[in-house]
Each structure stands twice: as C-alpha cells, then as structure tokens.
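S.K.: One rule links them: number in the numbering used here = place in the sequence shown (from 1) + 645.
No residue lacks a Cβ here, since even glycine has one placed at the ideal position from N, Cα and C.
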Amino acid sequence: MRRWGIRKKVLVVTLVPTLLTTLMLGMFFTYSWVNNIESLLRDRGESLSRQLASGAEYGLFTANRSLLSSLSNALLEEQDVRSITFFDSDSSRLLHTGPGSSDAIDARELNAERAVRIPRKDSTRFIHPVFLQDLMIQDMLDPDTRQASSRQREPLGWVAVEMSHVRTEKETYKALLISLLLVLGGVLLSLAIALRLSRAFTNPVFELNEAVAKLKEGKLDTRVYTGAGPEFEQLESGLNAMAGELSKAQAEMQQNIDQATEDLRETLETIEIQNIELDFARKEALEASRIKSEFLANMSHEIRTPLNGIIGFTELLLKSPLPRQQRDHLSTIRKSSEILLTIINDILDFSKIEAGKLILDRVPFQLRDIVEDVMVMLAPAAHAKNLDLVPLVYNDVPDNIMGDPLRVKQVITNLVNNAIKFTQTGEVVLRASLEEEENESNRITLRLSITDSGVGLSRAQQQSLFNAFSQADASTARQYGGTGLGLAISKRLVEEMGGKIGLESELGKGSTFWFTLSSELSASVDAIAPRDALRGERVIYLEQQKTTGLAVEHLLKDWGMTVDRVASPGAMQEQIEEAQKNQAGYAVAILGITRHLLNSSQYCGLIRTLEIERDCRTLLLTPTLETHDTPLSELASGHLSKPVCRGALYDELLLLVHGINTGGAMGKEYSVPASRLPSDKVPRVLAVDDNDANLKLVMTLLNDCRIDAEGASSGFEALSKARQSQFDLVFMDLQMPGMDGVETTARLRDMDSSARRTPIIALTAHALADEQERLAQQGFDGYMAKPISSSQLREVIFEYTGYVCEKSDHGGQIRVPEVRDTRRALRPSTRKMQQDCMSVEESIQLAAGKADLAEELFSMLLEQLHTDIARVKAFWRDNDLKGLLECVHKLHGASRYCGVPELRAAANYLETALKCSAPETEHQKDQLVSAMERLQIWSEQTDWQKLFREQRQSVETN
C-alpha cells in the first residue's frame, strides 16, 4: 500500500468498511426473513394438521369417507395446502385429496405417539395421529366397551397435510433480491462518496504536479491556486514563492551564461590555436620517434658490427697457445665485450617494448628445463661468491605448458642474476608453485619467486625499482653495474604474458621477487618417461647447505627412494657400518660440500673408507669448479655440480646403484635431418659483408671448419661470384652500400632454378624489426644475429648442408661428439657386512713376522691379480669350469700367504662351489671378481709400501 496513490487509498478506506457492513447486514436480513418464512410454514402446517386430526376423529372412527372428504375439501381451500391424506389404524391410506396420489408414505414414517414432519423437495408433510376423545366414547359406547376403550391409547389413524413450498420460495427469492438491491445501493452510494472525497484530495495534488512540471519545463511564470483548504494553501504559497525565486535565479543565471559564453568563445579560439600547435608538435614527435627507431636500428648495427669482430677474434685468440698473462687479458676483453653486448640487448629489448613491436611466441615448453638451464648458466657466478643457488619446483607444478619459453627464461635470468649480484653471503632460492588451477578451461597460474639473503630494499627504493634506467641505489651502480633496465623489461614482459610481478623486501634482510605466469596446459609435449627404477632404494645424504639438501632430498623422495640425512662425516660412517652389520646397507652415499671443503682430509678419508673398506658407492656434489680434477672427485664414484639437475642426478644414481649407463652424460651429437643427409662433399660457402673485420672473422671461422669459402665485400661482387660458380650456402649481410643484402638476395633468387634453391642466411644486427618473418618474406632462409659465434655458425652449416664440421689443424675448437668420461666400471654397493680388504698385520703374521717377505708376497699377488681377473672372466664366459677351477685354486693358494681375508674367503667359496657343482657358483664368481677389484682399487689408492715399512719399523723398535 505504500506505493498506492491518494485516490486508491481513499477508495479502499471508504469502500471496504462500507462493503463489509452492507454485506453483513444484508446477509443477516436475508437469513432472518427466510427463517421467518420457513417458521410460519411449519407452524401453519402443524396447526392445520392438528385441527384436521381433531375434526376427523369421528370420521376415522366410523370410517365415513364422505365426512372425511368434506373435511379435506374444506381444508384444501387454505393457502399453501397441497393435499390431504387419511390413514387408518393399519397405516393404510384411507382417503387422499389433492395432487400426488401415487406418492405413498412408508408405514415407518407414521408415529403413534407424536406428530411427524417430513420435508421434501417441493413440499413438507405434517402427519398427526388421531385419538378417540373421552366425551365421545361415553356417549356412543356401552359401559363395557367404554371401559375397555379408556384403557386403549392406540390411534384411530393419521392425517397427513402436505404444505407446498411455492409461496415460500417466492418469498425467499424476494428477500434475496431486496437484500441484493440494498447492498448494491449501499456500495454505489459509498463509491460515489469515495470518489467525491478522492477528487477533493487528488485534484489539488494534480494541479500542484502540473505546476511543478511546468516549472521543470522552464515556465517559471506558472502559479497555482487550488482553494482546497488551509493545508494546500501553505503548499501553494511555498510553491509560488519557489517559482518566484527560480524566475529570479534564472534571470541571473542567463546573465552569467551570456558572460560565460563570451568567455568560452574566446577560450575556444585560444584552444583551436593550441590544437594546431599540438598537431604540429605531434607530427614532430612521431617523426622524432621514427628517427629514434631508425637511430636505434643503425646504432645496433654499428655497435654490433665491431663487437662481432672483437668477440670473434678474441675467441680465436683464446683457442691458440698463449702465455697466461695474455690469456688473462683476452679473457678480460671477452668479458667486457659480453657485458657491453648485454647492455645493448637490454636497451634494444626495452626499445622493442616501448615501440609495441614485441611479439610473444606460443609454443609448448617444459618449465623445469628452463629453470635448470638458468640455474646451470648462473651457477658459476653464484658459486664464485660462495652462495647457495637452489631451485625448488614443487610436485604439483605441471611441466607441459604453453607460452614463450625464451621470454620466461629471460625474466627468470634477470631476477636470479639480480639476486646473485646484490647478495654477498647466504643463498638464492628459486621456488615454483601452483597458485591456481581451472579444470574446466585447462588454465593454470604459476607463481615463481626468487628469494635472496642480500642487502634488501627500503620502501622508498621499492617504489621506483621497476622504473626504466633506475636502480635501488645510484651509488651502487658502479659497484654492481647494469643499466637499470632488467626489472623494467621483466615487468613489461610479465604483463605482456598476462601475469603480475612484485617484490617483498626489508632493508638488510634480503628480498623476494615474484611473478605469476598464467598459461594453458599443452598436450603436445612428449610425455616424460617415469623415473621409477630407483624406487625403494636407500640413500644416506650429508649436505653442508641446508636449502640444497632440502631440494635434493625432495627429488630423491619423489623418485621413491628412502633418504636418511646425517650431519657429519663421522655420523655417516657410523650409520653405514651399522646398516651393513644389519645386512641392510645403503645403495649410495651422497656428499654435498662447499668450496672450502674441496681439499678436506676428513672428507677424503671418509670417501676412501666408504669406497674401499665399506664398498659403498659415493656421489659427490660440489659447487661449479673450473676443473673436476680434485682429490675428492678422483676418490668418489660419481661427481655432479650444484645446482643438481634432475636428469643428470637420476642418470648418475642409476649408474651407481644398478650399473646402468643411460648415456645421459654424453655430449650432444649432430642429428642428421631427414631431408638432408651428410655427405663427404665439402660445401662451398659464400660470405658477403662490407665490414672487413666481420668478413675476415666469418672467413676464419669457415676455414677452421675446413670449408671451401669465398668472401665478397659488396652485393655486386657477390653477384659476380655467384654467376661464375655455384655455392651451397650464402651468408648475406643486410646493410651494405650500393646494393644492400635484400636486393642482392632478390637477384640471387632470380638465378635459382626450379630444381635447386641456394640457402641464404641473413647477417644483421637490426634492433626493432620483426626479423624472422620479414626476412622470410624477402627470400632469406635463415637468420643469424651479430655477434656471430662459431658454434652458431657450425649449427647453421649443418642444418642447411648436412656437413659436420671437423676440428682444424691449428687449434680451432670445433664441437664434435663427446664420450662420457672413461672411468673404471662401477658395481653396485655392498649392502652387507664384509671382511677387510687388506690387513698388513695379518700379512706380516702369515710371513712369520717378516715384513719384507710379506711385502714381497703381496706385491707378487698384486702383479698376478690383473691377469687373474681377465682369466676368471674369460673361463666363465667360455664355460671352461676346469680351467676356472685351476685358476681359482692357484689364487686361493696365493691368498693364503697374504693378509687378504675377503679375497681368501671368496676364492675358498668359489673353489668349493666349483668342486661341488653348487647352484650358486655364478654368485660366488661375482663375489670373487668384486673382491679382486676392490683389492686392486685399494692398492692403487693406498701407499701400501709405506704401511709395510711403518709396520717393519714398529717391529724393529719393539
């Protein structure tokens, strides 16, 4: 009702009570009237039936039908009497007068004691019993009969008077009609009164609304006079006063508008002049931007061109034999050139982003491979500062995602490189986790964070950190170097890839840089083979760096291995000995050490003890070293550099635990493309460059590859040489005077035939062009950015000619297939407690206390040991058990005179097994070979002559 209007409310308030009252009165009146009519009919019927019963007493008693007929005819004259029926004492109908003679009455409806009323649809029957009166009996009966009759109270019969309902129904309808008319009259009267009242309320309101509408339209001369009472008079006076004020305000406003219009006209004229000036300025800015882009492109070419010569010839010089001082100077030149190249690349990347010409690839890639590549690349810089560089990629992070791997790698490299640069001690940790996953759309959001323990950042420094050409502290720019573009480029790249980037830092407590990467899962990435060959193996792990230990332990447990951590070398040795005593030794002992422990005698002794005495394979994890030839690495069975890569660690453990060499550590070899097989024919290559230094560098690199190459310093010279002879590959510089590389390429394409197309590779250093797509449209087959590296040049030659470059005679370092380091064959660790490999005391005791004789006997055993190992293997391979028994028997006899308990026991067991043809002969043979190899390794890594001399001196002293 709150939204109802006044008229509706007045009508409801007026009509509803009136209607309810009228209806109630009408219903009461009608009900009372109808009840009165029915009551009158009932009373009249009962009265007539009672009178008729009294008058019919004699007729029924005498069964005088004529008398009864006259009575009934007289009564039929009464209003509403329809018929009269007389019944005798046997309930049989004696006489019926009126319509409905066939309508019989059931004898059960005749009551002998009282009158009965039987209502029907059109009428009501009133039945009254007829009794003999006393006066009449005395007059007509004899005394005896009178006495008997006085005791009898049975009725003489019954009279039934049927009263019609016709008049009653008419009266009922009449009462209903009168009630309805009264109700309608009351409602109409109430409606008229309500409408009159509503108009008295609503008409003034409508007039006020109309006045307000006119005022709203701007007709401020509108006034309203309703004459509807004092309440409306106050509203009218207020509205009229408001109209007057509005009219006055409008006049003032119009005056102000006129003044403002005049001022605006003058301002528009000024703005129009400024727009013209701005248009000129915009054209000048666009022209300046175009000139800047061209300048950057030209500067890129001009700077990269000499850098190409500097870096290239520096590498060539470093390959030649030089004094150490000159080599150091050349290394400094190369590092400085690479730093300058990095700065140029940052500026050019930033220029591409600013110009809106950055195009992101969308290809499937594996995130873990990218993380490992970055960590391996930056590990030397981190380890040079004794920093712990650790990647932590959680198990729920998928590896098959879509995106631009080069740009993701660039962002990670920038952030990790910054963390290393500004961290002096501690660690740099990269964490990759799954932040959000949408199963329906197959999209994921990854979060990568780089945490360091460096100098940290204040709030003021954090606000401007992602700005271009900005560093946290300008005073550190000279100390750490850089252009201040790395974070700005990273921010723009992350935003282009649909992610966010930020940092959390506190001054003096390190920093955490993070960014999110939103991508889709890719089903096109090849499924990674399950690494479950090490499941269930036990490993003991000693690590000096806590976070690295956590990462390696996480990897090992992910492969299903059981890892037991120890805190010291002594604890490791004791735990391994205890495990072997329980016949449940460890498969591998992993030792992670820092740089200052590389020459530790304690660790050398630990590895020697584990490898020789406990026969437990050891895997050494060290920081990145310039050379792997350290005392520890020579003693250990395996050696990997930190941070540990998944594939390398798995392959190394597979070799150490099961002796399976997957070839994962072999150098990369060239794979021959299906469309171009390598041949013995050396390709002829044409190099075109207007810069003498660059041309000389390319020719030198080609000559190092023993390739028949010719050079041209211009496009015209290149066309002349191409007409004289055919070339299998052309390296074409783009910017050349006269005829540039694009025009020269177009003319060379005109010289191609339908059966032969010469591959042409562009050499350029342009900054802002979309190189690959544009150059492909201009007829180039490939693209090489300056400065050119020898490895990149060899890969291009192989890709387009199928020729594998060989190493030159004058020391050129050409990549050829490498072979895994040829160390001794590895066997799995011994899991059980075993006897000592060698006992000097027992040897002297067996030699009757003569140390010289014991040393000579042991020397004779060692001289024969190498030959015996080969003979045992050959006899077993040829199934010559007789020859094997003879060889083992001699070896067993020789071991009886030396303190070699393990070899003696193994020879004894094998000899016994051979004589008895035992089923475990092969196992005993393997045990003997292992014992012989262990003794041989012990002799190679131990100064046993010194041990015998010390023992001899001790005996002589005593």
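Assuming serine 734 and proline 800 make a contact with CB atoms under 8 Å, what is their CB distance in whole Å?
M.R.: Serine 734 to proline 800, Cβ: 6 Å. Contact.
S.K.: Look up valine 832 in the DSSP assignment and say whether it is helix, strand or coil.
M.R.: helix
S.K.: State the DSSP-derived secondary structure class of aspartate 1571, mapped to helix, strand or coil.
M.R.: helix
S.K.: Determine, using beta carbons only, whether arginine 1614 and glutamate 807 come nearer to each other than 8 Å.
M.R.: This structure does not reach residue 1614, given that the chain is present from 646 up to 1603, and the question cannot be answered.
S.K.: Whole-angstrom Cβ separation of arginine 1007 and glycine 1048, contact assumed at under 8 Å?
M.R.: 7 Å
S.K.: Is the stretch 916-926 close to the stretch 952-965, with three or more CB pairs under 8 Å?
M.R.: no
S.K.: What distance in whole Å lies between the Cβ atoms of valine 1019 and isoleucine 1057, which are believed to be in contact at a cut-off of 8 Å?
M.R.: Your pair isoleucine 1057 and valine 1019 checks out as a contact, with CB atoms roughly 5 Å apart and the cut at 8 Å.
S.K.: What does a CB cutoff of less than 8 Å around lysine 1145 pick up in its chain, not counting 5 residues either side in sequence?
M.R.: Val1139, Phe1160, Thr1161
S.K.: If you follow the alpha helix (DSSP H) that histidine 624 is part of, which residue opens it and which one closes it?
M.R.: With the chain covering 646 to 1603 only, the question about residue 624 has no answer from this structure.
S.K.: Any idea which residues DSSP pairs glutamate 1188 with across the strands?
M.R.: Gly1237
S.K.: Three-state secondary structure (DSSP) at histidine 810?
M.R.: coil
S.K.: Beta strand (DSSP E) containing leucine 1342: first to last residue?
M.R.: Going by DSSP, leucine 1342 is part of no beta strand (DSSP E) but of the alpha helix (DSSP H) stretching over 1337-1349.
S.K.: Helix, strand or coil for methionine 1377, going by three-state DSSP, please let me know.
M.R.: In the structure shown, the three-state DSSP call for methionine 1377 is strand.
S.K.: Quick one, which of Ala708, Gly1538, Val655, Lys893 has its alpha-carbon nearest leucine 842's?
M.R.: Val655
S.K.: Determine the closest residue to lysine 1570 out of Thr1587, Asp1588, Leu1548, Lys1591, with distance taken between C-alpha atoms.
M.R.: Leu1548
S.K.: Only counting the same chain, and skipping five residues up and downstream in sequence, which positions put a Cβ closer than 6 Å to that of aspartate 725?
M.R.: Met808, Ser809, Arg812
S.K.: Using a 10 Å radius around the Cβ and a threshold of 16 neighbouring Cβ atoms, would you call alanine 805 buried or exposed?
M.R.: buried
S.K.: Taking the alpha-carbon of alanine 1029 as reference, which of Lys1066, Arg1594, Glu1501 has the nearest alpha-carbon?
M.R.: With distances taken between CA atoms, alanine 1029 lies nearest to Lys1066 out of Lys1066, Arg1594, Glu1501.
S.K.: From what residue to what residue does the alpha helix (DSSP H) around valine 1333 run?
M.R.: Run containing valine 1333: none in the alpha helix (DSSP H); it sits in the beta strand (DSSP E), 1329-1333.
S.K.: Is it true that the CB of glutamate 691 sits closer than 8 Å to the CB of leucine 777?
M.R.: no
S.K.: Evaluate proline 764 with the Cβ neighbour count: other Cβ atoms within 10 Å of its Cβ, from every protein chain shown; 16 or more gives buried, anything less gives exposed.
M.R.: exposed
S.K.: Would you tell me roughly how many angstroms separate the C-alpha atoms of asparagine 1336 and glutamine 1380, rounded to the nearest one?
M.R.: 10 Å
S.K.: Around the C-beta of valine 869, are 16 or more other C-beta atoms found within 10 angstroms, so that it is buried, or is it exposed?
M.R.: buried
S.K.: How far does the beta strand (DSSP E) with alanine 1077 in it extend, from its first residue to its last?
M.R.: 1072-1083
S.K.: Going by alpha carbons, who is nearest to phenylalanine 851 out of Arg1516, Lys864, Ala873, Asp1497?
M.R.: Ala873
S.K.: Going by DSSP in three states, arginine 1291 sits in which element: helix, strand or coil?
M.R.: Annotated three-state conformation of arginine 1291 is helix, per DSSP.
S.K.: Using beta-carbon positions only, say whether histidine 1537 and glutamate 1556 come within less than 8 Å of one another.
M.R.: yes
S.K.: Please name the residue in Leu1420, Ala1363, Val1375 whose C-alpha comes closest to that of valine 1387.
M.R.: Leu1420
S.K.: Here's a check: name, in chain order, each residue in its chain whose Cβ is nearer than 7 Å to the Cβ of alanine 856, leaving out the five neighbours to either side.
M.R.: Correct list, in chain order: Thr867, Val869, Leu884.
S.K.: Determine the burial state of serine 1398: buried for a count of at least 16 other Cβ atoms within 10 Å of its Cβ, exposed for fewer.
M.R.: exposed
S.K.: Out of Ala1515, Lys1495, Ala1234, Val1100, state which residue places its alpha-carbon closest to the alpha-carbon of cysteine 1543.
M.R.: Lys1495
S.K.: Are at least three pairs of beta-carbons, each pair with one atom in the stretch 1215-1226 and one in the stretch 1189-1206, less than 8 Å apart?
M.R.: Taking one beta carbon from each stretch, the stretch 1215-1226 and the stretch 1189-1206 have fewer than 3 pairs nearer than 8 Å; the two do not touch.
S.K.: Write down the C-beta distance between glycine 1071 and serine 1156 rounded to the nearest angstrom, noting that I regard them as a contact closer than 8 Å.
M.R.: Not quite, the Cβ-Cβ distance comes to about 12 Å (not below 8 Å), so this is no contact.
S.K.: Using CA coordinates, which residue listed in Gly1304, Leu1034, Tyr676 is at the minimum distance from methionine 817?
M.R.: A small fix is needed here, since residue 817 is threonine in this sequence, not methionine. For the residues Gly1304, Leu1034, Tyr676, the minimum Cα distance to threonine 817 belongs to Tyr676.
S.K.: For isoleucine 1406, tell me which candidate among Arg1368, Tyr1445, Met1396 has the shortest Cα-Cα distance.
M.R.: Taking only the C-alpha atoms, the option nearest isoleucine 1406 is Tyr1445.
S.K.: Taking all protein chains shown into account, do 16 or more other C-beta atoms lie within 10 angstroms of the C-beta of tryptophan 803, making it buried, or fewer, making it exposed?
M.R.: buried
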